[in-house]
Structure formats: C-alpha cells, structure tokens
Amino acid sequence: MSGRGEGGVISLRGRRTGQSRTTARELAHLSDEAVVALVERSDEQALAELYRRFGRLAYGLAFRILRDDALAQDAVQEAFLGVWRAAGRFTAERAKPSTWLLTLVHRRAVDLVRREERRRTEPLQPETEPAGAEAADEAELATQRQAIREALRRLPAEQREAIELAYYGGYTQSELAERLGQPLGTIKSRMFTGLARLRQDLGEDAHARFGPA
Amino acid sequence: MNDGSPHELSAAYALDALDGDELEAYETHLAGCERCREEVASFRETASTLAYDVDLRAPPETLEHRILAAARAERPNVVPLRQRVAIPAAALSAAAAVAAIALGIWAVHLSNSLDRQKSIRKDQKALIDILSDCSKTPTSGSSGAVCVAPTEKAVLIADSLPAASPDKTYEAWVIVGNSVQPAGLFRGGAGRKYILLTEPVRAPAKVAVTLEKRGGVPAPTSAILLQAQVRPS
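Residue numbers (our numbering), protein chains in the order written: chain E, 1 to 213; chain H, 214 to 446.
#1: Measuring only between beta-carbons, confirm whether E:A95 sits less than 7 Å from chain H.
#2: Are any of the Cβ atoms in chain H nearer than 7 Å to that of E:L50?
#3: Which value, in whole angstroms, describes the spacing of the CA atoms of E:G203 and E:L102?
#4: Counting only runs of 4+ residues fully inside the stretch 29-91 of chain E, write out the alpha helix (DSSP H) ranges in chain order.
#5: What is the residue span of the beta strand (DSSP E) that H:E287 lies within?
#6: Using a Cβ-Cβ cut-off of less than 8 Å, give me the residues of the stretch 99-114 of chain E that come near chain H, in sequence order.
#7: For E:R190, count neighbouring Cβ atoms within 10 angstroms of its own Cβ and tell me buried if that reaches 16, exposed if not.
#8: Can you list, in chain order, the residues of the stretch 332-365 of chain H whose Cβ is nearer than 7 Å to any Cβ on chain E?
#9: Measure from the alpha carbon of H:D234 to the alpha carbon of each residue in E:Q182, E:T172, E:E158 and E:L198, then state which is nearest.
#10: Measure the beta-carbon distance from H:S223 to H:E252 and round it to whole angstroms, keeping in mind my assumption that it falls under 8 Å.
#11: Hey, quick one: how far does the beta strand (DSSP E) through E:D111 stretch, first residue to last?
#12: Scan the stretch 418-443 of chain H and note each continuous beta strand (DSSP E) run of 3 residues or more that stays entirely inside, going in chain order.
#13: So which of H:E412, H:S356, H:S378 and H:H220 has the shortest CA-CA distance to H:L439?
#14: Here's a check: name, in chain order, each residue in its chain whose Cβ is nearer than 6 Å to the Cβ of H:Q394, leaving out the five neighbours to either side.
#15: Along the chain, where does the alpha helix (DSSP H) that runs through H:K359 open and close?
#16: Flag E:M191 as yes if its beta-carbon sits less than 7 Å from any beta-carbon of chain H, otherwise no.
#17: With respect to 6 Å, is the separation between the Cβ of H:A339 and the closest non-hydrogen atom of the ligand FMN below this value?
#18: Would you kindly check if the distance between the Cβ of H:S261 and the Cβ of E:T193 is under 7 Å?
#19: For E:E158, collect the residues of the same chain with a Cβ closer than 7 Å to its Cβ; drop the 5 residues on either side in sequence, then sort them by chain order.
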C-alpha cells in the first residue's frame, strides 16, 4: 500500500507543477455539481478539488464523532472514495453534493465509532480548537454554522439533545432511549419533531437570507 | 420496531441512528416507499447541515495524497482528462462558463420552484458530461461548433449570434438524410452560448440553426444561419 501511495504522490506532484495549475483554477469556478460530474468521469483533479472544498469540513465532522485522528482520516478517505466509486449513481435530484459527501462521512464515522466501542465521554462538549483558515472560503461556512447554531438553540432542549447525541455522538435511538431513560417511542418522536423543526427553521432562514430583497 | 409508524423513522435513519435489525427493516420499508425516500432525502439535507457546526480542523496533508493515490489504484486505467479529450482546455473553460451561467440563473431563481433548480442542475450536469468528452466539428456560417459525445448527446456552441428579437427564436435542427428534427430553441446574444441539443446526433448528420417565430416551428422555414456537418469519427 505504501509503495503504491508513494508512486501516486510523486506523479501527482509532477502534474501539479505543470499544466494542471490552470485546470485547478478552472475547476475552482465550477459548481459542486459540476465538480462531481467530472469526478464521475474519473477526473482526479476534480476529486482533488472536491477534497479542497470539503476536506476540512469532512475531517472536522469525522473527528468530532471519532475523537481520533487515524480513524477520522479513515472515515474521510472512505467517504471520498465512495464518491469516486459511486459518482455514476449520483442523482442530482436526490441530494446536493455536499449533502451526499457529508452523509457518507457521517455514516462511515458512526460505523467506526460503533465498531470501535470508542464511546466519547462527552460528545456534546464543543471543540475548542480554532480553525486557522482562509477567510474567503470561510465566509460561507461561517454563515452556515451561524444558521445551524441558532436553529439548534431554538429547539426544545430534549429534542436538541436527542439530535446532537445521535448526530455528533453516533448513538442509535435504542442506545439513546437507554441512556436518557426514556421509552424508545419518545426518542423517535423527539428526533422526528426536532429534525422537522430544524428543517423548517433552516428553510425559512435561507429564504430570509437569500430570498427576494 | 413496530411501535409507531415506520414513517417516523425517517428522521432517525437520516441521523444514522438506526442499526442492526431496525436498520434492515427500515431499509426494506424504504425500498417500497417513494414518499419515505423523499422524506429521508430531505431530512438528510437538514441533518448534514449539522456538520457545519463542527469546528473545522485541518486534516494532515498526507490525507489528500492518500485519497488520490487510493482512487488511482482503484482505477488504474484512468487517463487524466487532459489527455483523453480532443479539446480539453476549451471544454473545461466551456464547462466553467456554463457553470457560471447556471449559477447565475440559480441564484436568481433561488426562491422559485425546486423543479426549476433541479432541471438546471440536470442540464448543467448533462452539458458538462458532454463537453468533457466529445468530438468537435466547427460550424460554417456564423462561428461556433457542435460537440458530440460518444453517447451521441450533443452540445451546440454558438458564438455571438445576435440576440433574437422578442417575437423570434433560434431553433436548432438535427438533419439526417431527409429527416429534419427540431433540437432545441435558444435566444442567442453576445458571447458564447451552449445549447444542449434535445436530439441525439448520430453521424453522419448535419446540425443547423435557423431563425424562427417565437415558440419554434416543427420544420425550418428560413435560411440556415450556421451549420456543421458531423462525420463519423
């Protein structure tokens, strides 16, 4: 594996120094959908561009769930390879590329956390490490983060708890029922009502921000 | 598993909070429930926004290389895009232009129906699919080209056809022998336009453009303004 990996790294660098710099710039102007369409055509530069756009978000999510660098890397790698393998099956009608990719990361991270029995002691504790990031790329992410944070804050506490433990903690609904000492039915409906409320809230928020002036 | 409606499980499923038998049973249910699939897709989108409330964390630099190397190892016969297509630079900048245009439209129509957005995304993806792997035939008459993908799907590239007046439209045609099929309407205007043809182009065939009355006509009624003779490659 390492031999193959090294070979890949070298040839990639070789191409990067030459003509592909223009390609990278061109790719930077494409929509996420367009980048995925190129990944579908086995375009490595497009895969690299997808990684440039979502790598840190993907890794941040995986790390939050797994609390382990090596496992988080595995989850991210599997997710990107999932896009690479399945790009042909992507249907634009079904999901945005970011949703698709983050879904793959999440599922993989949750699988790993369950397999590893690596239960985080306090999954709700927010990360404290600041992101040393490029401002231009960050503006949109920061807006998204602000929106979701506020939406979460507006949820009734028990709904927020169920959603956060499930999403960031990787707990199943049955585990949650046990952990919170609630009937399974209660957990189900907290998740459902909470997520439906978030959806509505975020939808209205997006409309307020981007809708007609 | 059977307490409550399975529909309520769409949220838990979107949060990846089902496992084992529950997961299996729900996925079986999902396979036969279109409404549930839509609900899950919509909940997935909401759930994935939760990822944005995680602090960004720079992964080790080696991860990108690892991913790309693993991707390459899975498809050893992958040829970089640039070497594979006849007009890569043009195709890619074309793709970029299309994406920019589509994004513009997208932003304007954000408050419009979802269907509209879906169809723009679909067209954009189709355009890029074609442009990234097609053979190109220049047009005579007004300048432009026709790009035909191996799938026979085609894009007409028209350079600076003057914008059609409001009561008129440009209409593209695919002509094979005596068969003349309408293949799409467009308005023209300054700059380069990409028109996804609605008819396949099976060489040898001719692609032509005429100016017709608004709404288009079933058969051309005016002179050909530009045309390309697409030959078998």
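Virtual Cβ for every residue (Gly too), placed ideally from N, Cα, C.
Once the coordinates are examined:
#1: Looking up residue 95 of chain E in the first sequence gives position 95. With a threshold of 7 Å between beta carbons, E:A95 makes contact with chain H.
#2: Position 50 of the first sequence, counted from the start, is the residue given in the question as residue 50 of chain E. Chain H has no Cβ within less than 7 Å of the Cβ of E:L50.
#3: Start at 1 with the first residue of the first sequence, and residue 203 of chain E comes out as number 203. Start at 1 with the first residue of the first sequence, and residue 102 of chain E comes out as number 102. So the alpha carbons of these two residues sit roughly 19 Å apart.
#4: For the alpha helix (DSSP H) assignment, the uninterrupted runs of no fewer than 4 residues enclosed by the stretch 29-91 of chain E are, from N- to C-terminal side, 32-40, 44-66 and 69-86.
#5: Counting from one through the second sequence, the residue named residue 287 of chain H turns up at place 74. First-last for H:E287: T275 to E287, but that is the alpha helix (DSSP H), not the beta strand (DSSP E).
#6: If the cut-off is 8 Å between Cβ atoms, the stretch 99-114 of chain E has T99, L102, T103, V105, H106, R107, V110 and R114 near chain H.
#7: The residue given as residue 190 of chain E occupies position 190 in the first sequence. Classification of E:R190: buried, given that the 10 Å Cβ count is 16 or more.
#8: Those residues of the stretch 332-365 of chain H that come within reach of chain E (Cβ to Cβ, closer than 7 Å) are R334, K335, Q337, K338, I341, D342, S345 and D346.
#9: Walking along the second sequence from the start, residue 234 of chain H turns up at place 21. Distance from the Cα of H:D234 is smallest, within the candidate group E:Q182, E:T172, E:E158 and E:L198, for E:T172.
#10: In the second sequence, the residue the question calls residue 223 of chain H occupies position 10. In the second sequence, the residue the question calls residue 252 of chain H occupies position 39. With a beta-carbon spacing of about 4 Å, H:S223 and H:E252 fall inside the 8 Å limit used to define contacts.
#11: Position 111 of the first sequence, counted from the first residue, corresponds to residue 111 of chain E. For E:D111, there is no enclosing beta strand (DSSP E); the residue is found in the alpha helix (DSSP H) stretching over P97 to E116.
#12: With a minimum length of 3 residues, the continuous beta strand (DSSP E) runs that stay inside the stretch 418-443 of chain H are 418-426 and 437-443.
#13: As a working note, residue 439 of chain H is residue 226 in the second sequence. Minimum Cα distance to H:L439 is reached at H:S356.
#14: The residue labelled residue 394 of chain H in the question sits at position 181 within the second sequence. Excluding sequence positions up to five before and after H:Q394, its CB lies within less than 6 Å of the CB of V387 and E412, all in the same chain and listed in chain order.
#15: By 1-based counting over the second sequence, the position of residue 359 of chain H is 146. The sequence given here places Val at residue 359 of chain H; Lys does not occur at that position. H:V359 -> not in any alpha helix (DSSP H); beta strand (DSSP E) instead, spanning G357 to V361.
#16: Counting from one through the first sequence, the residue named residue 191 of chain E turns up at place 191. Yes, E:M191 counts as interfacial toward chain H.
#17: The ligand FMN is not part of the structure shown, which contains no ligands of any sort.
#18: Looking up residue 193 of chain E in the first sequence gives position 193. Looking up residue 261 of chain H in the second sequence gives position 48. Result no, Cβ atoms of E:T193 and H:S261 do not sit closer than 7 Å.
#19: Stepping through the first sequence from its first residue, residue 158 of chain E is reached at position 158. Counting only Cβ-Cβ distances below 7 Å, and skipping sequence neighbours, we find R190.
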